[in-house]
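K.L.:
So for the sequence shown, my numbering puts the first residue at 279; every next one is plus one.
By construction, the Cβ of each residue, glycine as well, lies at the ideal position given by its N, Cα and C atoms.
As the structure is a computational prediction, the values presented were derived from the model and not from experiment.
Below: one structure in structure tokens.
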Amino acid sequence: MRKTSLFILFVCFFIVISLLVTSVSPSAAANELESDNETTLSQSSSPQLDTNYVKAAVKAKKLYVIRLSDMSETESVMIASLQGILANKSSNQIYILPDSGNYKLWLDDLVLKYGVKTEFIRDPWKLVKEFKKQFDGYLLWEKGNSSINAATSLAHLKQSILIEKAMSNKPKAISK
279 MRKTSLFILF
289 VCFFIVISLL
299 VTSVSPSAAA
309 NELESDNETT
319 LSQSSSPQLD
329 TNYVKAAVKA
339 KKLYVIRLSD
349 MSETESVMIA
359 SLQGILANKS
369 SNQIYILPDS
379 GNYKLWLDDL
389 VLKYGVKTEF
399 IRDPWKLVKE
409 FKKQFDGYLL
419 WEKGNSSINA
429 ATSLAHLKQS
439 ILIEKAMSNK
449 PKAISK
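This is the structure we're talking about:
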């Protein structure tokens, strides 16, 4: 039993060492890419760090922060659709804060390093009312079937938010 354990440990150690020795450094990978005829990240005019993520269409100056735990599942769909619309057209945007993960750390980083202002909101309908001039109505979807798929696809094209059918009476109270 002891010989088997030592053998397994040795094999694992050998694999780790061989991976370390044969791994390619980022600069070597960039050099290898530059030798190709195709356009590569290292040949772009922007810094390489900027090519690793998609930048926001509009830089956020103020974030309306709402905790995921303050919303129902259907309200979170509604707010996520509003968040997507605002991200493309307004410097006042929505930040959905889950209870787990590093999202609070990222929010703090935006505030400290980039001067983004924040306002915490508990009522998702307050956000809908606040930004009602930024979207063109709503699309209904029904929980329990796949209608959310079609509604999500159309929401961007129509610049509309998603409302679950059971909540369809609420938007009338905040109509334009």
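Using 8 Å as the threshold, is the stretch 384-393 in touch with the stretch 404-418, meaning 3 or more CB pairs across them?
P.N.:
no
K.L.:
Does the beta-carbon of alanine 306 have 16 or more other beta-carbons within 10 angstroms, so that it is buried, or is it exposed?
P.N.:
By one-based count along the sequence shown, residue 306 stands at place 28. Residue confidence for alanine 306 is low, a pLDDT of 43 falling below 50, so the modelled location carries little weight and cannot support an answer.
K.L.:
DSSP beta-bridge partners for asparagine 370?
P.N.:
For the purposes of this step, residue 370 is identified with residue 92 of the sequence shown, where counting begins at 1. Asparagine 370 is bridged by DSSP to Lys340.
K.L.:
Report the option in Met445, Gly379, Val332, Asn370 whose CA atom is closest to the CA atom of phenylalanine 398.
P.N.:
In the sequence shown, the residue the question calls residue 398 occupies position 120. The shortest C-alpha separation from phenylalanine 398 is found at Asn370.
K.L.:
Between Leu341, Val355, Ile374, Asp377, which has its C-alpha nearest serine 438's C-alpha?
P.N.:
Taking the first residue of the sequence shown as 1, we reach residue 438 at position 160. Closest by alpha carbon: Val355.
K.L.:
Just to confirm my understanding: we take proline 304, look at its own chain, exclude 5 residues before and 5 after, and list those with CB closer than 8 Å. What are they?
P.N.:
To locate residue 304, count along the sequence shown from 1; it is residue 26. In this prediction, proline 304 scores a pLDDT of 43, lower than 50, which makes its location untrustworthy; the coordinate-derived value is nonetheless stated afterwards. Excluding positions up to five away in sequence, the list is empty.
K.L.:
So which of Ser425, Thr352, Leu417, Leu346 has the shortest CA-CA distance to lysine 382?
P.N.:
As a working note, residue 382 is residue 104 in the sequence shown. The candidate whose alpha carbon is nearest that of lysine 382 is Leu346.
K.L.:
Which of the three DSSP states, helix, strand or coil, is assigned to glutamate 442?
P.N.:
The sequence position of residue 442 within the sequence shown is 164, counting from 1. The answer is strand: DSSP assigns glutamate 442 an E or B state.
K.L.:
What residue from Asp348, Lys407, Gly362 has the CA that sits closest to proline 376's CA?
P.N.:
Counted from its first residue, the sequence shown places residue 376 at position 98. Comparing Cα positions, the closest option is Asp348.
K.L.:
When you compare only the Cα positions, how much space is there between aspartate 401 and serine 446?
P.N.:
Position 123 of the sequence shown, counted from the first residue, corresponds to residue 401. Position 168 of the sequence shown, counted from the first residue, corresponds to residue 446. For aspartate 401 and serine 446, the distance between alpha carbons rounds to 17 Å.
K.L.:
Please classify alanine 429 as buried or exposed, where buried requires at least 16 other C-beta atoms within 10 Å of its C-beta.
P.N.:
Within the sequence shown, residue 429 is the residue found at index 151, counting from 1. Alanine 429 should be labelled buried.
K.L.:
Which residues does DSSP list as the beta-bridge partners of isoleucine 399?
P.N.:
Taking the first residue of the sequence shown as 1, we reach residue 399 at position 121. Bridge partners of isoleucine 399: Ile344.
K.L.:
Kindly indicate the opening and closing residues of the alpha helix (DSSP H) around glutamine 412.
P.N.:
Residue mapping note: residue 412 aligns to position 134 of the sequence shown, counting from 1. Where glutamine 412 is concerned, there is no enclosing alpha helix (DSSP H), given that its DSSP letter is neither H nor E.
K.L.:
Might you give, ordered along the chain, the residues of its own chain that have their beta carbon closer than 8 Å to the beta carbon of serine 324, omitting 5 neighbours on each side?
P.N.:
Stepping through the sequence shown from its first residue, residue 324 is reached at position 46. Annotation note: pLDDT 45 at serine 324 (below 50); position unreliable, no value reported.
K.L.:
How would you call valine 406, buried or exposed, if buried means at least 16 neighbouring beta carbons within 10 angstroms?
P.N.:
Start at 1 with the first residue of the sequence shown, and residue 406 comes out as number 128. The C-beta of valine 406 has 16 or more other C-beta atoms within 10 Å across all chains shown, which makes the residue buried.
K.L.:
Would you kindly report the start and end of the unbroken alpha helix (DSSP H) that includes valine 389?
P.N.:
Here residue 389 is taken as the residue at index 111 of the sequence shown, counted from 1. Counting along the chain, the alpha helix (DSSP H) containing valine 389 begins and ends at 381-392.
K.L.:
State the start and end residues of the unbroken alpha helix (DSSP H) segment that holds alanine 334.
P.N.:
Taking the sequence shown and counting its residues from 1, the one referred to as residue 334 is at position 56. Here alanine 334 belongs to no alpha helix (DSSP H), and DSSP marks it neither H nor E.
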